[in-house]
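Data block below; observations after.
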Amino acid sequence: MAQDVKRVLIVDDSMVDRMILKNILESSFKVIEADSGNKAFEYITTMRDELDVILLDLSMPHIDGFDVLSFMKEKGIDDIPVLVVSTETTIENVQKAVQYDVSEFIKKPYDKDDVLERLRLRTGVIPEYDLTREELIETMKYIADLETIYKAYLDNHEKSDERYQRRADLMQIMLNAYRRRGGDLNPDSIMLISKAAYFCDIGEMFVPEEKQKDSLEGFVKNRDKEKHTILGANLIKLNRSKACRYFVEICSGMCLHHHERYDGRGYPHGIKGKCNSIYNQICRVLDELDERRSRFYGDKAKPIKFIIAHLVEDGMSVAGKEVYNLLEECEPLIFDYYL
């Protein structure tokens, strides 16, 4: 079950800049080029269902990047993530782009690793790294240090990590089933992705306690609820070690996008469908499962099978069909786990 090749549309009048981006991306993505705003209109209109992300230059003659954004808004095309590329990210440009729901800017000249990481996060592409023994050992040391810090925070706030440990354990159950179906995973990848699920809410360490309570009660705006996702991702990305790169990319993506929904009504970026990786979707569903299970705890008339059935009945609002199929397949193992 290899990952589908994602299609990236590069919109830039500079042939040199397009060539640089294409050289960065073509090993992981199918690249389509538009050398003008008019050409972008054509591709976006005719290939809407095939495009997974757009890299858009703002400064182009005649029809610029903002004209392209305006065109997309007018046509109701809001299901293709747009990342703006620019030599100068001025406050005016940022403020104007935010009106079109653009939240990410890539500054020229391009940093290869930064561009690839951002594109993979927004398109749900998981990096393929074959970790050496030395890289795995260093990664596990980093995870242990991270866990020590996180547990100290939880202890200081009289919180338990049981919820996060359950999420990691259930992630491992789901990923093993995914691998049996042909998913591109090995035991090391399964272990590291499961560890990443443990840390997906680590950004809450930086959100004031009263804000966390307010978020749970629904009395604050979405921006306040979003903070822990962005802060958690930024914390994980502080580790620049090449040996830890696989875990850092997986974990930062899970921190950032585990509250996204398949229908696009999640946060912080409102990305839709398969633009969120299957691992982030599984994390989101497992969070829902554990929350509902806690609500029904002790009620023998509401077993795990009942809760899973309710999640599936919700349709594809939270995750895709593949995730729900995996959930149903794993129901006996999940039931045994909670026992």
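Residue 415 is where the sequence shown starts when you use our numbering, and the numbers rise one by one after that.
All residues carry an ideal CB built from backbone N, CA and C; glycine is no exception.
Since this is a predicted model, take the numbers as computed values, not measurements.
List the endpoints of the continuous beta strand (DSSP E) containing residue i.
{"i": "Val516", "result": "Here Val516 belongs to no beta strand (DSSP E), and DSSP marks it neither H nor E."}
{"i": "Val467", "result": "Val467 to Asp471"}
Just grab the DSSP bridge partners of residue i for me.
{"i": "Asp615", "result": "Looking at the DSSP assignment, Asp615 forms no beta bridge with any residue, so it has no partner."}
{"i": "Lys521", "result": "Ser500"}
Roughly how far, in whole angstroms, is the beta-carbon of residue i from the beta-carbon of residue j, given that I think they are within contact range, below 8 Å?
{"i": "Ile748", "j": "Ile718", "result": "5 Å"}
{"i": "Asp471", "j": "Ser500", "result": "7 Å"}
{"i": "Asp431", "j": "Lys522", "result": "7 Å"}
{"i": "Ile477", "j": "Ser450", "result": "7 Å"}
{"i": "Leu550", "j": "Gly667", "result": "Not a contact, Cβ separation roughly 19 Å."}
{"i": "Ile446", "j": "Arg421", "result": "6 Å"}
{"i": "Tyr693", "j": "Ile607", "result": "5 Å"}
{"i": "Gly734", "j": "Lys686", "result": "Not confirmed; about 10 Å, so no contact."}
{"i": "Leu700", "j": "Arg581", "result": "5 Å"}
{"i": "Asp615", "j": "Tyr578", "result": "7 Å"}
{"i": "Tyr751", "j": "Ile587", "result": "7 Å"}
{"i": "Ala448", "j": "Leu483", "result": "Their Cβ separation, rounded to whole angstroms, is 14 Å, which puts Ala448 and Leu483 out of contact at 8 Å."}
Quick one, are the C-beta atoms of residue i and residue j less than 8 Å apart?
{"i": "Leu533", "j": "Tyr660", "result": "no"}
{"i": "Asn653", "j": "His671", "result": "no"}
{"i": "Ile438", "j": "Val529", "result": "yes"}
{"i": "Glu742", "j": "Ile721", "result": "no"}
{"i": "Ala611", "j": "Met585", "result": "yes"}
{"i": "Leu725", "j": "Leu740", "result": "no"}
{"i": "Gly680", "j": "His642", "result": "no"}
{"i": "Arg698", "j": "Val732", "result": "yes"}
{"i": "Asp466", "j": "Thr553", "result": "no"}
{"i": "Val496", "j": "Val512", "result": "no"}
{"i": "Glu531", "j": "Glu663", "result": "yes"}
{"i": "Cys669", "j": "Phe613", "result": "yes"}
{"i": "Val419", "j": "Phe443", "result": "yes"}
{"i": "Pro682", "j": "Ile644", "result": "yes"}
{"i": "Tyr514", "j": "Lys489", "result": "no"}
{"i": "Asp463", "j": "Gly678", "result": "no"}
{"i": "Ala657", "j": "Glu561", "result": "no"}
{"i": "Met474", "j": "Asp427", "result": "yes"}
{"i": "Ile604", "j": "Arg595", "result": "no"}
{"i": "Phe485", "j": "Phe455", "result": "yes"}
{"i": "Ala591", "j": "Cys744", "result": "yes"}
{"i": "Ile540", "j": "Lys609", "result": "no"}
Nearer than 7 Å: is that true of the beta carbon of residue i relative to any heavy atom of the ligand MN?
{"i": "Phe620", "result": "No copy of the ligand MN appears in this structure; indeed no ligand is present at all."}
Can you name the start and end residues of the alpha helix (DSSP H) that residue i belongs to?
{"i": "Arg581", "result": "Glu576 to Arg594"}
{"i": "Leu423", "result": "Run containing Leu423: none in the alpha helix (DSSP H); it sits in the beta strand (DSSP E), Arg421 to Val425."}
{"i": "Asp544", "result": "First-last for Asp544: undefined, no H or E at that position."}
{"i": "Pro746", "result": "Glu745 to Tyr752"}
{"i": "Ala723", "result": "Ile718 to Glu727"}
{"i": "Arg532", "result": "Lys526 to Thr537"}
{"i": "Met486", "result": "Gly479 to Glu488"}
Every unbroken beta strand (DSSP E) inside the segment 660-694 [3 residues or more]: Runs of the beta strand (DSSP E) lying entirely within the segment 660-694, each at least 3 residues long, are absent.
Completely contained beta strand (DSSP E) runs for the segment 437-464, where each covers 3 or more residues: 444-448
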